[in-house]
Each structure stands twice: as C-alpha cells, then as structure tokens.
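Heads up, the thing below is written out as structure tokens.
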Amino acid sequence: MSALMQTILCPVLLIGGFADLYTDTVFRLINKLKCPKRAILGPWGHEWPDIAYPGPQIGFLLEIVKWLDYYIKGIDNGYDKKEIISIYKLNPNIDELHSIVKQRKGKWIHLNDILFYPNEHLQRNDYFTNENQQINQKQIKYYLSFGSLTTEPISNNLFPNKISFLSPQQTGISCGNLCGLGYVHHPSNAIDQREDDGRSLCFDSLPLTNDYELFGFPTVKLNLSSSSQVGLICVHLCMIDQNTSSSILIARGVLNLTHHQSHEHPKLLNINQIYNIEVTLSGICVCLPAGCRLRLALSTSYWPIVWPSSQLATLTQSSSDRFRIFNEVNQTIILQINEDDGSIEYPDARIEILRYLKYYFKNESSIKVDIQTKSIMFTQQSPSTYQIIHQLDITNNDQPFFNKTFNLSFPRIYN
C-alpha cells in the first residue's frame, strides 16, 4: 500500500475530522504522497466540513474553489504557498463530556512539514509544536506499573510481575460512536469514561508538571498471554481532569489478538503463551494542561463498537520488571466494636438523582420525533421502612406523553 501511495502524481487535497473514523488515513497519506498535497484536519464528524459538527466549521467551498482554480484552471492565486497541513489542536475539557457537542475547544495550527514515520506499524512517535508552528520530534515513554504509569521502569523481586484482567461485556458503553456522523443532534461524542475505566485495568500517571502537546499515533507495547485461543485487547488513553477526576477519552485502539502478526493470515493463540503485542492508537493532536493525569485503560471488550470474541479470554500482562505495589498507608485506624449482632441500619438521608435525556430519530415517513424523558429518584426513611420513590415523565414535543410513579419499601433493619 505504501508503494502504491507514492505512485500518485496528481495534486491531492485531504480532508478529515477527529470525530470521524478515517482520520488516520490523512496522517498516513500526508507522509507518503510525493505529489503536491495539502491536508485539513478539523474536529468534525463524517460530514462536509462547512456544516459538520462538532465545530468550528470552515469555508469548505471557498477552499475547494481556490484549490481547483490553481491546479485545474492554472490561476496563480498563491495556493501553492499554503502550509502542507492545517490541523485543529484540541483542548480536552469536562465541558465537552456530553454525547452531543456543538463546538470543540482548541485552535488551528498550520504546519509546513511533518516528519516521516519510518515504519508505519512499528514506530509511531509523539510530536509537539513550538512557537513557530514547526514540528519537533520528542518521544514520550511511560512504563506500566501496578495501577500506575511511571516514567522509569521499576524492578523489585518482591513485587508481582503479572496482572490478569477480564472485562464485563458492557465495557465500552461510554465510548461514543467510532464514526461520528457530524449531525448536530446525533449523539456521537464519548462521555465521561470513568464508568468504562471501572471495568478496565487502569494505569495512571502522576500529575503533569507542564502542558503536553501530543501529535501523532500513541503506541502501546504489551506482553500478553490469553487463557483462550482467541482474545481482544482494547486500549483507551484518557486525560484525568485535575479538579473533578473526570476521565476524558483522547485516543483508542483495538486489536484482535489472532491478528497480532497479520490481518491477512490470522492465527489462533497458544494458551498462556506470552506474545509481544503492539497496539497503535488513533491519531491525535491535543494539548493537555499541567496538573492533569494520563490514564491508560486496558479491557477485553469494547461494546458496541467491537463484536464480542467467540470465547471468553482472561488476558495477563507480564513484565520482566516487577509491578510496583502502592506504598502502605501510614495511618492508624481504630476499629469501633458495635454490639448489634450483625444488623445493619440505614442512616437517615435523602438522595435525589436527576437525569435528562433527549432522543432524536426519524421514522419511515422521515418525520422527526422529539422525545424527552425526565427521571427523578429519591429516598425517604421512616422509623420502620426505607422507601424509594421513582418518578418517570415522558413528553413529546413538550406535550405530556406518559408518566408513572414507582414506590418500593424495605425494612430499615435487617437481622
């Protein structure tokens, strides 16, 4: 494929969006093409970039007219002086943790050169831009430790060197749409990843001491064995917000382990044999603020983006270095003896949970239906019971459609 790319001689204009599935193609082509080329990478989904969401949008038709005027009509409008790539550098933040996002925070940067990836599958580098908007090469390495990412490998014979994990099948429900369609009312964006992180094997870094600007393809190298002849490894790179600990998805990658050597010739795994696995994540251009943390989450499922494996497989990450165990907590805890014969009493409290969801879809007649649901759940206590009241209200175009109240009661004390 690389050789075929270099045979393209006509001018090429590449357009892509980070919410789309095909962003990585733009990264690859802009490096391999030898012809006149230009690439534009925005925050959009799979739609024309003058109307696609999330924004900001661009004057796509104006760009096309200038490109055609120069390369087709031969009009000297200076298009050949434009930078090779214009890319929207994203600033991940908690304000965008919604399934529908109209605008992404960030800024446009324009680059005249992008370093060539010597081996597309075996060597992916991180890059950052300096004040002159040029690309400088800088590889950032982290090592897996027990529950953490460390900048240096840790070795100690007293610590374990294996960690096994098997994720629930619903892992991935917070990941959004792999191919965002770019419509304003289409819920495509990944939400807070903490729910999926809780079903994954996670490794967190220390807080960043300065801003990180990452450009390119993050790569994760693992030593994995499987309890089955098949297996799936899903890798999610997230930013942990300094103030709220919200988990914001930055990049992700999935590999069917039977394809770890070849997609053309997959091969069943040998049970419990350790394989050197490399997972290349999606291309990124982000600025991570100082104070946040990086999180690498590993899971064995990623539903509904990835179909489940035919067999359950517990994966084990092995290392020649020993995984670090967290230091013991230096704290004295005094346990209180309760002579209650093992009974449990729920304390007086009130909990109220409010959810507001909005669905958009079209029926066979192409009539848009707007359904809003509001659910309120709260608890009440009496001397003898613990009561849960769940109220559900559904409206269609702001008109009442359905409502029901559910009441459940439990004894306050179980003996």
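Residues -19 to -1, 1 to 396 (mature numbering (1 follows the signal peptide of the UniProt record, and there is no 0)) make up the sequence shown, in order.
Positions of the beta carbon are idealized from the N, C-alpha and C atoms, including for glycine.
Below 8 Å CB to CB, which residues in the same chain sit around residue i once its five sequence neighbours on both sides are set aside?
i	result
Pro149	Arg180, Ser282
residue 425	This structure cannot settle anything about residue 425, because the visible part of the chain is limited to -19 through 396.
Leu249	Gln210, Val211, Thr239
Gln(-14)	Lys13, Leu14, Lys15
To which residues of the same chain is residue i closer than 6 Å at the C-beta, ignoring the five residues directly before and after it?
i	result
Val201	Val216, Val260
Gln223	Gly272, Cys273
residue 397	The structure shown has nothing for residue 397, since the chain only spans -19 to 396.
Tyr52	Pro(-9)
Pro17	Pro(-9)
Thr297	Lys143, Ser145, Ser206
Arg175	Ser228
Leu2	Leu159, Cys160
Leu182	Phe146, Leu279
Leu389	Ile369
Ser208	Ala294, Thr295
residue 473	The requested residue 473 is not part of the displayed model; the chain covers only -19 to 396.
Considering only C-alpha positions, which residue in the set the options is nearest to residue i?
i	options	result
Asn58	Ile66, Glu44, Leu71	Glu44
Asp185	Thr239, Gln(-14), Leu277, Ile231	Leu277
Tyr34	Gly55, Gln380, Lys86	Lys86
residue 397	Trp48, Ile154, Leu373	Residue 397 falls outside the range modelled here, since the chain spans only -19 to 396, and no answer is possible.
His166	Val82, Cys219, Ser206, Asp61	Val82
Pro285	Gly(-4), Cys160, Leu14	Cys160
Asn12	Gly23, Asp374, Ile(-12)	Ile(-12)
Leu218	Ile265, Phe382, Lys385, Gln(-14)	Ile265
Thr4	Leu373, Ser263, Cys268, Lys47	Ser263
Thr225	Tyr60, Asp173, His241, Ile90	Asp173
Thr190	Leu275, Asp50, Leu10, Cys156	Leu275
Cys156	Ala232, Gly197, Lys122, Lys88	Ala232
Ile193	Glu245, Ala171, Lys122, Gln(-14)	According to the sequence shown, residue 193 is Tyr rather than Ile. Out of Glu245, Ala171, Lys122, Gln(-14), Lys122 has the C-alpha closest to the C-alpha of Tyr193.
Trp48	Leu(-6), Pro73, Ala171	Leu(-6)
Leu230	Glu245, Gly197, Ser243, Ala171	Ala171
Spatial neighbours of residue i within its chain, please: CB distance less than 7 Å, with the 5 preceding and 5 following residues excluded, ordered by chain position.
i	result
Ile32	Gln38
Gln84	Pro35, Gly36, Pro37
Ile221	Asp185, Ser228, Cys273, Arg274, Arg276
Contact defined as beta carbons within less than 8 Å: I believe residue i pairs with residue j. What is the distance between those atoms, to the nearest angstrom?
i	j	result
Val287	Leu213	7 Å
Leu92	Ile68	7 Å
Ala(-1)	Gly163	7 Å
His241	Ile252	Incorrect: roughly 15 Å between the Cβ atoms, too far for contact.
Val36	Gly(-3)	Looking at the sequence shown, residue 36 is not Val but Gly. About 11 Å; that fails the 8 Å criterion.
Val267	Leu195	5 Å
Leu269	Pro73	7 Å
Apply the 10 Å Cβ neighbour rule to residue i and answer buried if 16 or more other Cβ atoms are within range, or exposed otherwise.
i	result
Pro199	buried
Thr152	buried
Lys70	buried
Pro30	buried
Leu78	buried
Thr239	buried
Pro289	exposed
Asp379	exposed
Gly55	exposed
Pro247	exposed
Trp25	buried
Gln28	Note on identity: in this sequence residue 28 is Glu, with Gln being the wrong assignment. So Glu28 ends up on the buried side.
Phe8	buried
Phe387	exposed
Phe382	exposed
Leu(-16)	exposed
Asp177	buried
Val46	exposed
Asn384	exposed
Leu42	exposed
Gly234	buried
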